[in-house]
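>
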Amino acid sequence: MSKIDCQALREAAEAIKIAATPQKLLAFRMKVTPQVVLELLDEREAQSKRIAELEANFATLAVENVGLNKFIKDDCFIYTSDDISPRDANGFKPETPATDAFLADIQAVAFNELRAAFVRHAKVAELDDADTVTLKEVMDALLHCVEQLRAPE
């Protein structure tokens, strides 16, 4: 991480925003050198890569969690002293609100991407609101959009 005084840069930029006097402009220009800009861009790029890596890790964990919950629901059974017949363990699985929220976010993002791809597909097909399409045409378009999302060009 660089030794750039981001707070000083912010204060200089805020001062110019309020009143751009020649002295404040000069003070800002002295703080914002090409070296500073390059370091900030390098930091931003490294952080973006790290965020992408963490998002991939979270996605992997979420998928594993779904698999574990499915396993608990489908294949785990408990026995009690009161009842000798096995009962499924689904009611005993731990709550996973963070995973549930994460998966809901993934689904929402996927839905928004699908919607956007569908709109693009409709525009490419030169459809407008006055056109009537069949359910098969809609399904074909949605499947095409899903394929595009799974394997972008």
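The opening residue of the sequence shown carries number 977 in the numbering used here; numbering runs sequentially from there.
Beta carbons are placed, not taken as given, at the ideal position from N, Cα and C, and that holds for glycine.
So, phenylalanine 1004 versus isoleucine 992, is the Cβ gap smaller than 7 Å?
Their beta carbons are under 7 Å apart, which means phenylalanine 1004 touches isoleucine 992 by this criterion.
> Assuming the contact rule is C-beta atoms closer than 8 Å, valine 1079 and alanine 1038 should be a hit. Round their C-beta distance to whole Å, please.
Per the sequence presented here, residue 1079 reads as leucine, with valine not at that position. Their Cβ separation, rounded to whole angstroms, is 5 Å, which keeps leucine 1079 and alanine 1038 in contact under 8 Å.
> Excluding sequence positions up to five away, which residues of its chain have a Cβ less than 6 Å from the Cβ of arginine 1096?
none
> Count the other C-beta atoms from every protein chain shown that fall within 10 angstroms of the C-beta of glutamate 1129, then say buried if there are 16 or more, exposed otherwise.
Note on glutamate 1129: pLDDT 48, under 50, position unreliable in the model; the coordinate value appears next. With fewer than 16 other Cβ atoms within 10 Å, it is exposed.
> Which one of Leu1111, Lys1000, Ala1117 has the shortest CA to CA distance from lysine 1099?
Ala1117
> Please report the straight-line C-alpha distance between valine 1114 and leucine 1017, rounded to a whole angstrom.
43 Å
> What's the gap between the Cα of arginine 1091 and the Cα of threonine 1036?
24 Å
> Measure the Cβ-Cβ separation of leucine 985 and lysine 1000 and say whether it is below 7 Å.
For leucine 985 and lysine 1000, no; Cβs fall outside 7 Å.
> Buried or exposed for cysteine 1121, please, with buried defined as at least 16 other CB atoms from any protein chain shown within 10 angstroms of its CB.
With at least 16 other beta carbons inside 10 angstroms of its own, cysteine 1121 counts as buried.
> Taking proline 998 as part of the alpha helix (DSSP H), name the residues at either end of that continuous run.
998 to 1007
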